[in-house]
Amino acid sequence: PGDDFSGEVKVATVGSCIIRLDGRTLGQQGGFDPYHPQMRGQLYRVEAINPGKHELSIEMIETPGGAPLRVDLLLTGARGRRVVLRSDADWTVARDDDPPRPVKIHLRQEEAAASWMLFRRPHPLPQTRWLEGDKPSPIMDLRLIPPLEIAEAQTFTWVVPPGAVALHLMLESEAKPILLLDGDPCLVDAAGWATLSGVLPSRARTAELTVQSRQLGGGVFTGPVTYRFDDAGILRSGNWIEQGLRSYSGAIRLSQHFSIGRIDRGSILLDLGEVRGTVEARVNGKPAGVRVLSPYTFDVSELVRAGENELELIVTNTLSNFLSTWSPTTWWSPDQLSFGVYGPTNLQRISLKDRPSS
């Protein structure tokens, strides 16, 4: 008495359904999707219900090939007690007038699973607290691969982005790191920092890390490899992935100086060639335009001058690179990860009649 429960239930399914609690309709969902049926999650409010037995039922219109369903419920009582209900083997299913029978549990992930859930679950992979950040629910660091009885040497290699002057390693406590940068040794201090010596601004370089550890593979790392950057680096034309920017989503500012001789006004076109991403171009500090798709050409006739000129490009990619590394989602594909200015980049002299109108 006096401890009624209230909260929310989230139902995710393909197709249409009606959600009922003790025979009372909480809501219904469904929609027309002519291209591809997708899991959809919808929240429903559960107002105060008394302690005791209750029945939550979902009446579905089944789609060809079956209709996956996920239910997530969290109720909180006036005294702070909680009731949690999830999709599991305790559910039963009945078609038409057939008797109820156990549901079939699907282990395969359908679409972006996090969007089905009423509240965020801990990441399923080990040593992932740094991915999730501080969460109200505890995150368990599960050891999927048992540690070895005796530590053994393991080597990891990766590409350090241009302009990096230091990197930070987060390793399990028993690891004894030996770090090489393009074959030259780099001292790793007790806090995990290593200063990257060499000529500045730097190009992309190869890091090779050898550790003695009882953990295997990714279990050696307790967090991401991060960097401290100088003001600039040297980024060559081509794919960012090949230059240490596999997981980077955002913008990169590129600049280059070029010389030009006598100018015939109204006859200079900048052509960036092949580009993956969005480009904002500036010549001598003045905007030349923005391009989001091919052709990546800009009329710079009023911007260039005889002698030295500066070309500045701000190239922006999408979230696919970030999501492919940091989030267990299906909403990216490998062909979405390549970004950069591939070129060739050149200036073209064009006649007035061929000059672009915009």
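Numbering-wise (the numbering used here), the sequence shown opens with residue 1 and increments by one. We put the beta carbon where it would ideally sit given N, CA and C, even for glycine. Owing to the predicted nature of the structure, the values given are computational and were not obtained by experimental measurement.
Around the beta-carbon of Asn317, 16 or more other beta-carbon atoms lie within 10 Å, marking it buried. Leu272 is classed as buried because its beta carbon has at least 16 other beta carbons within 10 Å across all chains shown. Where Ser213 is concerned, the enclosing beta strand (DSSP E) starts and stops at 205-213. Under DSSP, Thr195 forms a beta bridge with Ala166. In this structure, Ile58 sits near Leu69, with a CB-CB distance shorter than 9 Å. Classified as buried, Asp72 has 16 or more neighbouring CB atoms from the shown chains inside 10 Å of its CB. According to the DSSP assignment, Asn321 belongs to the alpha helix (DSSP H) that extends over 320-326. In this structure, Val315 lies near Leu254, with their beta-carbon atoms less than 9 Å apart. Only residues of its own chain outside the window of five on either side were considered, and among them Pro100 have a CB closer than 6 Å to the CB of Ala94, listed in chain order.
Assigned with DSSP and collapsed to three states, Gly23 falls in coil, not helix or strand. Residue pairing by DSSP puts Phe258 in a beta bridge opposite Asn309. Counting C-beta atoms within 10 angstroms of its own C-beta, Gly183 has fewer than 16 neighbours from the protein chains shown and is therefore classed as exposed. Per DSSP, the continuous beta strand (DSSP E) segment holding Pro185 begins and ends at 184-186. Taking a cut-off of 8 Å for Cβ pairs, the region 167-177 and the region 188-196 touch, as three or more such pairs fall below it. Assignment of beta-bridge partners to Tyr227 by DSSP yields Leu167. A check of alpha carbon separations from Leu209 across Thr226, Pro147, Val283, Thr155 identifies Thr155 as the nearest. The bridge partners DSSP lists for Asn346 are Asp271. Per DSSP, reduced to three states, the secondary structure at Ile241 is helical.
When the beta-carbon positions are compared, Ser237 and Thr325 stay at least 9 Å from each other. DSSP lists Val290, Ile314 as the beta-bridge partner residues of Glu280.
Burial is judged here by how many other beta carbons sit within 10 angstroms of a residue's own beta carbon; Pro162 has at least 16 and is buried.
Under DSSP, Glu149 shares a beta bridge with no residue. Distance from the CA atom of Pro64 to the CA atom of Val14, rounded to whole angstroms, is 10 Å. At a Cβ-Cβ threshold of 9 Å, Leu75 and Phe5 count as neighbours. Within the same chain, and ignoring the five residues on either side of Gly289 in sequence, the residues whose Cβ sits closer than 7 Å to its Cβ are Ala281, Phe298.
Straight-line measurement puts the Cα of Ala232 at about 56 Å from the Cα of Ala89. In this structure, DSSP gives Pro177 a state outside helix and strand, which the three-state scheme calls coil. Pairing Ala67 with Ala12, the inter-Cα distance amounts to about 10 Å. In the DSSP annotation of this structure, the continuous segment of the beta strand (DSSP E) that includes Glu8 starts and ends at 5-13. Between the beta-carbon of Ile252 and that of Pro201 there is about 13 Å, and that puts the pair past the 8 Å contact cut.
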